[in-house]
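Trainee: The numbering used here puts the sequence shown at residues 1073 to 1329.
All C-beta atoms, glycine included, are put in the ideal place defined by N, C-alpha and C.
Just so we're clear, the structure is a prediction, and the values are computed from it rather than from any experiment.
Sharing a structure with you now.
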Amino acid sequence: MNKKLLSSVVLSSLLWCTPSWGSTAQEMDALVKQWMETETARADLQSRWAAEKQQISSLIKLYQAEKKALTDKVTSASVSASEVDQTRIALAEQQDGYEANAAQAERILAHAKTAMTKLWPWLPVPLQRQLEEANASLLDTSASLANHMQSLLSMLDEMQRFNAILTLNKEILTLENGKQVAVEQLYLGLSQAWFISSDGKTAGIGSTSAEGWQWQVVPEYADAIAEALAVFKRTRQASFVDLPVIASKVAENDDVQ
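Rendered as structure tokens:
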């Protein structure tokens, strides 16, 4: 059974089961709205950067070509002072255009960096690990504008990919009572997960918040979570599984854009 089919099975089970643990339609709507706005910003950023990158590249090539032509003419002493002035003015205007485009890209990047900083605590830990290198590059003040943009876009693409699949992860969790337990986690996209210990005695649910991921022991769902993991690993025939759902702690005025 492939991941896409399994995702459909789990999603179907979530639609059929009754949300619990204080979830509300308002909280879920807020989280969905935030993700949709992030996706819209990602698509807009990628489109605008692609256009601006091509324009900037063209301007640089034109600037270099005209600079070489001007240098050749001056060297051969076959150009008048007025022609030199006209070419210099044209190059200066092109340079101004390049700087304006670069400034616009810098503004887009600054906004995106702020948004990513706010969004970071909400991301699943395994995804954070995958994004560590790109995030470090994004925050590296010595990196070029192009490198910053590339890092940002790769992060957004990876987030989109993670949100579309089920992800299995092994982790050491610190529970509410301070006890540390080795568990397997099954993430459904970016905002929902379940876990169970190797002995099957400790199981529960996880959800995301501005303070990071919160994990809650739900012993009565241990069998269902174990079954979901078995289906994911293909050690058990696919079936509908009722799993608990907990709403992410999103306040109405939260802004992770």
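Enumerate, from N- to C-terminal direction, the unbroken alpha helix (DSSP H) stretches of 4 or more residues contained entirely within the region 1239–1322.
Mentor: With a minimum length of 4 residues, the continuous alpha helix (DSSP H) runs that stay inside the region 1239–1322 are 1294–1304.
Trainee: Could you compute how far the alpha carbon of G1276 sits from the alpha carbon of D1314?
Mentor: Taking the first residue of the sequence shown as 1, we reach residue 1276 at position 204. Taking the first residue of the sequence shown as 1, we reach residue 1314 at position 242. The alpha-carbon atoms of G1276 and D1314 are separated by roughly 13 Å.
Trainee: Is it a yes or a no for the region 1220–1231 touching the region 1243–1251, going by three-plus beta-carbon pairs under 8 Å?
Mentor: no
Trainee: On the criterion of 16 or more Cβ atoms from any shown chain inside 10 Å, does E1283 qualify as buried, or is it exposed?
Mentor: By one-based count along the sequence shown, residue 1283 stands at place 211. Label assigned to E1283: exposed.
Trainee: Going by C-alpha distance, which of L1195, E1299, A1310 is nearest F1267?
Mentor: Counted from its first residue, the sequence shown places residue 1267 at position 195. Ranking the options by Cα distance to F1267, first place goes to E1299.
Trainee: Taking only three categories from DSSP, how would you classify A1206?
Mentor: As a first step, residue 1206 must be located in the sequence shown, where it is residue number 134. A1206 falls in the helix class under three-state DSSP.
Trainee: Counting pairs of beta carbons, one from the region 1195–1202 and one from the region 1256–1265, are three or more of them closer than 8 Å?
Mentor: yes
Trainee: Rounded to the nearest angstrom, what separates R1201 and A1175 at their Cα positions?
Mentor: Numbered from its first residue, the sequence shown carries residue 1201 at position 129. Numbered from its first residue, the sequence shown carries residue 1175 at position 103. Cα to Cα, R1201 sits roughly 31 Å from A1175.
Trainee: Check A1187 in the structure and name its three-state DSSP category.
Mentor: The count along the sequence shown starts at 1 and reaches residue 1187 at position 115. Of the three classes helix, strand and coil, the one that applies to A1187 here is helix, per DSSP.
Trainee: What are the start and end residues of the alpha helix (DSSP H) that includes A1218?
Mentor: Within the sequence shown, the letter at position 146 stands for residue 1218. The continuous alpha helix (DSSP H) containing A1218 extends over residues 1217–1235.
Trainee: Among Q1309, I1318, A1296, T1307, which has the Cα closest to the Cα of Q1286?
Mentor: The residue given as residue 1286 occupies position 214 in the sequence shown. Comparing Cα-Cα distances from Q1286 to each of Q1309, I1318, A1296, T1307, the minimum goes to I1318.
Trainee: So for P1193, helix, strand or coil by DSSP?
Mentor: Numbered from its first residue, the sequence shown carries residue 1193 at position 121. Helix, per DSSP.
Trainee: Sorted by chain position, which residues of the same chain lie with C-beta nearer than 7 Å to L1301's C-beta, five sequence neighbours on each side aside?
Mentor: Your numbering for residue 1301 matches position 229 in the sequence shown. Hits under 7 Å: E1256, L1258, I1268.
Trainee: Around the C-beta of A1254, are 16 or more other C-beta atoms found within 10 angstroms, so that it is buried, or is it exposed?
Mentor: Within the sequence shown, numbered from 1, the residue matching residue 1254 stands at position 182. Exposed: under 16 other Cβ atoms inside 10 Å.
Trainee: Count the other C-beta atoms from every protein chain shown that fall within 10 angstroms of the C-beta of I1297, then say buried if there are 16 or more, exposed otherwise.
Mentor: For the purposes of this step, residue 1297 is identified with residue 225 of the sequence shown, where counting begins at 1. The residue in question, I1297, is buried, as its Cβ has 16 or more Cβ neighbours within 10 Å.
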